[in-house]
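*Asks:* Sharing a structure with you now.
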Amino acid sequence: MIASLSGTVTVLGPLSAVVEVGGVGLLVQCTPATLARLRVGEPASLATTLVVRETELTLYGFADTDARDVFEILQAAAGVGPKLAQAVLGVHDPDTVRRAVAEEDLAALTKVPGIGRKGAQRIVLDLRDRLGPPRGATMPGPRVTAADLGAGGVEAGGVADTVREALTGLGYSAREADDAVSRALAVLAAPPDGPDGPDRPAGAAPDAATLLRACLAVLRR
Numbered sequence: 002m003i004a005s006l007s008g009t010v011t012v013l014g015p016l017s018a019v020v021e022v023g024g025v026g027l028l029v030q031c032t033p034a035t036l037a038r039l040r041v042g043e044p045a046s047l048a049t050t051l052v053v054r055e056t057e058l059t060l061y062g063f064a065d066t067d068a069r070d071v072f073e074i075l076q077a078a079a080g081v082g083p084k085l086a087q088a089v090l091g092v093h094d095p096d097t098v099r100r101a102v103a104e105e106d107l108a109a110l111t112k113v114p115g116i117g118r119k120g121a122q123r124i125v126l127d128l129r130d131r132l133g134p135p136r137g138a139t140m141p142g143p144r145v146t147a148a149d150l151g152a153g154g155v156e157a158g159g160v161a162d163t164v165r166e167a168l169t170g171l172g173y174s175a176r177e178a179d180d181a182v183s184r185a186l187a188v189l190a191a192p193p194d195g196p197d198g199p200d201r202p203a204g205a206a207p208d209a210a211t212l213l214r215a216c217l218a219v220l221r222r
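This is the structure in structure tokens:
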């Protein structure tokens with residue numbers, strides 16, 4: 002098992018990064034929250050897990066060992082594979098997952114694309130004695146700008162297209178992604194000092210990470 006890696010980020014994509022370690026570029030699948038902590042050209046350390054399938058090896062990376070542990074535990078639930086476990090952590094942080102399972106909050110679990118009510122019930126049944134209680138609030142990661150994503154080689158029609166691609170990669174439909182981007186942009190366009198306005202300078206365009214977080218917040222409602 003590859004438990005961790007440290008190297009230089011050379012590429013950032015909507016759902017993955019390439020980290021160069023010892024002259025070898027490793028493709029690492031990551032959640033948007035993890036990607037938001039990375040910057041092209043800068044060093045990074047990730048907790049990782051290697052998923053081995055008959056025809057492929059897939060490396061998943063996480064900001065810390067807690068997220069990695071939850072990713073691995075999620076796969077103990079019937080019907081949950083690595084892609085769905087990654088989608089869960091793309092929508093919810095580890096403590097939110099723990100809280101949803103502990104409180105049998107099916108509504109929170111079904112916010113994840115690919116999880117219906119029966120799937121949520123199965124996750125609660127299979128994992129309520131495995132995940133444990135919430136451990137505390139998670140801290141937001143550093144921002145990753147649209148320029149950083151562009152430097153990594155993401156060719157898209159702007160930040161909105163990059164975010165749409167990330168959302169569809171998480172399992173949302175194209176229509177859901179379009180609607181979320183439109184609604185999130187409207188929220189972010191509100192005056193900064195207003196009740197719904199973001200905490201950023203007036204007229205500032207959102208970067209990819211900011212827009213993606215806003216979209217996920219919209220989709221959780």
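With positions in the sequence shown counted from 1, the corresponding number in my numbering is that position plus 1.
We put the CB at the ideal spot given by N, CA and C, even for glycine.
1) Find the nearest neighbour of G226 within the set G137, L75, A86 and V160, judged by alpha-carbon distance.
2) Whole angstroms are fine: how far does the CA of A190 sit from the CA of F224?
3) Hey, A210 and A37: beta-carbon distance below 7 angstroms or not?
4) Among the residues of its own chain, which have a CB less than 7 angstroms from the CB of C216, if the five just before and after it don't count?
5) Output the boundary residues of the beta strand (DSSP E) element that contains G62.
6) Using the DSSP secondary-structure output, state which residues sit across from Q30 in a beta bridge.
7) Would you kindly work out how many angstroms separate the C-alpha atoms of E55 and A101, rounded to a whole number?
8) Quick check: the Cα distance between L85 and G23, rounded to an integer number of angstroms?
9) Measuring straight from C-alpha to C-alpha, what distance separates Y61 and A78?
10) Are three or more beta carbon pairs between the region 40-57 and the region 99-115 nearer than 8 angstroms?
11) Go through its chain and collect everything with a Cβ distance to G170's Cβ below 8 angstroms, but skip five positions before and after it.
12) Assign G159 to one of three DSSP states: helix, strand, or coil.
13) Please determine, among I74, P44 and L39, the residue with the shortest C-alpha to C-alpha distance to G133.
14) Cα separation between F72 and A187?
15) Taking only the alpha-carbon atoms, compute the straight-line gap between V29 and T111 and give it to the nearest angstrom.
16) Taking Cβ positions, are V25 and V10 nearer each other than 7 angstroms?
17) Just tell me which of R214, P207 and A68 has its CA closest to the CA of A178.
18) Out of D65, R69, G80 and R222, state which residue places its alpha-carbon closest to the alpha-carbon of G120.
19) Could you check the C-alpha separation between A18 and V12 for me, to the nearest Å?
20) At the level of alpha carbons, what is the spacing between G91 and R221?
21) In or out: I124 buried (at least 16 other Cβ within 10 Å) or exposed?
22) What residue range is occupied by the uninterrupted alpha helix (DSSP H) comprising S183?
*Replies:* In brief:
1) Only positions 2 to 222 of the chain appear in the structure, and residue 226 is not among them; the question remains open.
2) In this structure the chain extends from 2 to 222, so residue 224 is not present and cannot be described.
3) Numbered from 1 along the sequence shown, position 209 holds the residue referred to as residue 210. Numbered from 1 along the sequence shown, position 36 holds the residue referred to as residue 37. Contact flag set, yes.
4) Taking the first residue of the sequence shown as 1, we reach residue 216 at position 215. V164, L168, A181, V182 and A185, listed in sequence order.
5) Within the sequence shown, residue 62 is the residue found at index 61, counting from 1. Per DSSP, the continuous beta strand (DSSP E) segment holding G62 begins and ends at L58 to F63.
6) Taking the sequence shown and counting its residues from 1, one reaches residue 30 at position 29. S17 and Y61, per the DSSP bridge assignment.
7) As a position in the sequence shown, residue 55 is number 54, starting the count at 1. As a position in the sequence shown, residue 101 is number 100, starting the count at 1. Approximately 33 angstroms, taken between the alpha carbons.
8) In the sequence shown, counting from the first residue as 1, residue 85 sits at position 84. In the sequence shown, counting from the first residue as 1, residue 23 sits at position 22. CA-to-CA, the gap between L85 and G23 works out to about 31 angstroms.
9) Here residue 61 corresponds to residue number 60 of the sequence shown, with the count starting at 1. Here residue 78 corresponds to residue number 77 of the sequence shown, with the count starting at 1. Whole-angstrom Cα-Cα distance: 18 angstroms.
10) no
11) Counted from its first residue, the sequence shown places residue 170 at position 169. Correct list, in chain order: P15 and L16.
12) On the sequence shown, residue 159 is found 158 positions in, with the first residue counted as 1. Residue state, collapsed to three classes: coil.
13) Residue numbering aside, residue 133 sits at position 132 when the sequence shown is read from its first letter. Of I74, P44 and L39, the residue nearest in Cα terms is I74.
14) In the sequence shown, counting from the first residue as 1, residue 72 sits at position 71. In the sequence shown, counting from the first residue as 1, residue 187 sits at position 186. Using only the alpha carbons, I get a separation of about 33 angstroms.
15) Looking up residue 29 in the sequence shown gives position 28. Looking up residue 111 in the sequence shown gives position 110. Going from the Cα of V29 to the Cα of T111 covers about 26 angstroms.
16) What you label residue 25 is simply residue 24 of the sequence shown in a count that begins at 1. What you label residue 10 is simply residue 9 of the sequence shown in a count that begins at 1. Contact flag unset, no.
17) In the sequence shown, counting from the first residue as 1, residue 178 sits at position 177. When only C-alpha atoms are compared, the closest one is R214.
18) Residue mapping note: residue 120 aligns to position 119 of the sequence shown, counting from 1. Here the closest residue by C-alpha is G80.
19) Position 17 of the sequence shown, counting from 1, holds the residue named residue 18. Position 11 of the sequence shown, counting from 1, holds the residue named residue 12. Between A18 and V12, the alpha-carbon positions lie close to 5 angstroms from each other.
20) Residue numbering aside, residue 91 sits at position 90 when the sequence shown is read from its first letter. Residue numbering aside, residue 221 sits at position 220 when the sequence shown is read from its first letter. For G91 and R221, the distance between alpha carbons rounds to 12 angstroms.
21) The count along the sequence shown starts at 1 and reaches residue 124 at position 123. With 16 or more Cβ atoms within 10 Å of its Cβ, I124 is classed as buried.
22) Sequence index remark: in the sequence shown, residue 183 carries index 182 (1-based). Residues A175 to L189.
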